[in-house]
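All letters in the sequence shown, in the order written, are residues 2 to 340 by our numbering.
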Amino acid sequence: MELKNDLLLRTAKGEKTERPPVWLMRQAGRILPQYRALRGKLSGFKELVETPHLAAEVTIQPIDELDVDAAIIFSDILVIPEVMGLEYQMVEKKGPWFPKTIQSLDDVKSLRSGAEAAAELEYVYEALKITKRELNGRVPLIGFSGAPWTLLSYMIEGSGSKTFSKAKKFLYTQPEAAHLLLEKLTETIIIYLKTKIASGADLVQIFDSWAGILSPEQYKEFSLPYIQKICDAIDEAPITVFAKGAWFALSDMKDLSCNVIGLDWNTTPEFAREKLGQRVIQGNLDPCVLYSDFKNIQNKTHLMIQNFGGHHIVNLGHGVYPDTPLDGVKCFVDTVKSL
2 MELKNDLLLR TAKGEKTERP PVWLMRQAGR ILPQYRALRG KLSGFKELVE
52 TPHLAAEVTI QPIDELDVDA AIIFSDILVI PEVMGLEYQM VEKKGPWFPK
102 TIQSLDDVKS LRSGAEAAAE LEYVYEALKI TKRELNGRVP LIGFSGAPWT
152 LLSYMIEGSG SKTFSKAKKF LYTQPEAAHL LLEKLTETII IYLKTKIASG
202 ADLVQIFDSW AGILSPEQYK EFSLPYIQKI CDAIDEAPIT VFAKGAWFAL
252 SDMKDLSCNV IGLDWNTTPE FAREKLGQRV IQGNLDPCVL YSDFKNIQNK
302 THLMIQNFGG HHIVNLGHGV YPDTPLDGVK CFVDTVKSL
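Here it is, written out as structure tokens:
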């Protein structure tokens, strides 16, 4: 199906475009009243993720409401650990929780992986197919996965954490088990993303949400090689790698075989360009800018775009926060679209 708006894909491929594309991480969510109304009718977050027609509906909501240049399938990074054998629960106002965690090499060996595990995610693939059909070529559709290290950190820790000290301890005390788990995750993610592309995703993004928890040395050993393996295996669609907090690894990330490098707000455009050259960059605006007045949102957005000097996908440096004013989000998007 031919895309009516292919700004994102052309930019991701390094082509010059009439303006930069804009979308937001977590654009489908509590910032939208229609999302809150739908969630209020359901048993919880996981019902929404696991019901294909509902996930598709929520994915399309920000396209209708915000007129952004891309849709990102509504899902969760923790569906991968779940089909590998670790069920998770999403506890309201607390986040994810795993009743059982990985504690030993034997635990890792017992996990499913690769095609066997990825085949269990048919509800995600069906949501992509429905979304692709209902978008009818309006904008590209993004699929995503958590990075191996980020998924490992939840599987060891059992929940979110300020330090992820249990996960880091695992790297120091059981490196063999850690590498085996990372390998199993990588194999599963590759099949998962390839199947997402076959189901309608035009671009895929890898979220390494807890990259900044690791030391530079650990990141080179326990994260980057596995991300590289994923990027090397996928040539069916452009790839974005977003490693939050990994400013120290930008020089190494320059050589990743991906199309786009995502940035948080702790890295200046000047520093990023120094490390990454003219590679395509995504993001960088502090999500909290969207709490401010329209003039400030416009000025900060213009300044960010100007400082990157092209080859830039406009986005935030993290997902939009649930209590962000919808008018602030619309101002951000409209500022880019008016260029």
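Cβ coordinates follow ideal geometry from the N, Cα and C atoms, glycine included. Fair warning: this is a prediction, and the values are worked out from it, not measured in the lab.
In the DSSP assignment, the alpha helix (DSSP H) including residue i goes from what residue to what residue?
i	result
Val334	Leu327 to Lys338
Thr196	Pro176 to Ala199
Asp209	Per DSSP, Asp209 belongs to no alpha helix (DSSP H); it is in the beta strand (DSSP E), Leu204 to Asp209.
Ser154	Pro149 to Glu158
Pro82	Val80 to Met85
Pro63	Pro53 to Leu67
Pro34	Pro34 to Arg40
Pro323	Here Pro323 belongs to no alpha helix (DSSP H), and DSSP marks it neither H nor E.
Thr132	Glu123 to Leu136
Asp107	Leu106 to Lys110
Ile74	Run containing Ile74: none; DSSP gives neither H nor E here.
Phe223	Pro217 to Phe223
Ala13	Leu8 to Ala13
Check whether the Cβ atoms of residue i and residue j lie closer than 9 Å to each other.
i	j	result
Leu79	Tyr155	yes
Thr269	Leu291	no
Ile207	Ala238	no
Gly144	Leu194	yes
Ile157	Ala168	yes
Gln279	His319	no
Ala29	Ala128	no
Gly201	Lys133	yes
Leu122	Thr196	yes
Leu142	Ile81	no
Ile228	Thr164	no
Gln35	Glu16	no
Leu136	Leu183	no
Lys276	Lys301	no
Ile191	Ile235	yes
Phe333	Leu49	no
Ile306	Leu327	no
Val125	Ser76	yes
Grab me the residues of residue i's own chain with a C-beta within less than 6 Å of its C-beta, minus the 5 sequence neighbours each way, in chain order.
i	result
Phe223	Trp150 and Leu172
Val315	Pro21, Val23 and Val337
Tyr89	Leu79, Glu83, Pro97 and Phe99
Leu8	Thr18, Pro22 and Asp70
Ala244	Asp209 and Ala212
Phe46	Met91
Ala179	Phe171 and Leu172
Lys230	Thr187
Starting from residue i, follow the beta strand (DSSP E) in both directions and report where the run begins and ends.
i	result
Val92	Gln90 to Val92
Gly115	It is not in any beta strand (DSSP E) - Gly115 instead sits in the alpha helix (DSSP H) that spans Gly115 to Ala119.
Pro97	Gly96 to Trp98
Going along the chain, which residues of its own chain have a beta-carbon closer than 7 Å to the beta-carbon of residue i, five neighbours each way excluded?
i	result
Glu3	Gly138
Arg31	Arg37 and Pro323
Asp253	Lys221 and Leu225
Lys5	Gly138 and Arg139
Arg11	Thr18
Arg27	Gly320 and Val321
Asp287	Trp266 and Gly318
Gly329	Leu291, Tyr292 and Ile298
Pro217	Phe249 and Ala250
Phe295	Cys332
Gly161	Gly96 and Pro97
His54	Ile131
Tell me which same chain residues have a C-beta within less than 8 Å of the C-beta of residue i, skipping the five on either side of it?
i	result
His303	Thr336
Phe272	Trp248 and Leu251
Ala13	Leu204, Pro239, Thr241, Asn260, Val261, Val281 and Ile314
Gln175	Ser105 and Leu106
Val109	Ile103, Ala178, Leu181, Leu182 and Lys185
Gln219	Lys169 and Leu172
Ile64	Ala72, Leu136, Arg139 and Val140
Does the segment 169–188 come close enough to the segment 250–266 that 3 or more CB-CB pairs lie under 8 Å? no
Complete alpha helix (DSSP H) runs within the segment 239–311 (minimum length 4 residues, chain order): 251–254, 270–277 and 295–309
Given 8 Å as the limit, is there contact between the segment 113–125 and the segment 37–44, that is, 3 or more CB pairs closer than that? no
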